[in-house]
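Positions -9 to 87 (the working numbering) are the ones given, in order, by the sequence shown.
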Amino acid sequence: MGETTVYLIQAGGYRAKRDRMERFDILYDVYAPTPHEAGALAYTVREYLLEQLPGTRAKGALVLNVRDNNAPAWHPDKESLEPAYTGEVALYLVPDD
-9 MGETTVYLIQ AGGYRAKRDR MERFDILYDV YAPTPHEAGA LAYTVREYLL EQLPGTRAKG
51 ALVLNVRDNN APAWHPDKES LEPAYTGEVA LYLVPDD
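Put into structure tokens, the structure is as follows:
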């Protein structure tokens, strides 16, 4: 089995309002040695993204809101069968004027 790993991948998004709001869909994949560890960590990642990320600033952008698109779900790696959970959130960003 591999190491505990969290991947954050931009899975899509769109410009919601010209030059004023962007939406980024972020997929998170969480791998761990056991299904229990992968699931627990996936829900910790979800909690952070939904509760701690709104209101943060980075590189001229403000995270206005984060919406839960898909709660973590069992999704083992197809080749290695390594335990994994996958979820998705939408980030809403506005310029940090």
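Cβ atoms here follow ideal geometry from the backbone N, Cα and C, with glycine treated the same way.
Remember, it's a predicted structure, so these values are computed and weren't measured experimentally.
| Asked | Found |
| --- | --- |
| Specify the secondary structure class of Gly45 as computed by DSSP and reduced to three states. | coil |
| In its own chain, which residues sit with a C-beta less than 7 Å from the C-beta of Asp87, not counting the 5 before and 5 after it? | none |
| Going by DSSP, name the residue or residues bridged to Ala63. | Thr76 |
| Count the other CB atoms within 10 Å of the CB of Arg36; is the residue buried (16 or more) or exposed (fewer)? | buried |
| Under the rule that 16 or more other beta-carbon atoms within 10 Å means buried, what is Leu39, buried or exposed? | buried |
| Around the Cβ of Pro85, are there at least 16 other Cβ atoms within 10 angstroms (buried) or fewer (exposed)? | exposed |
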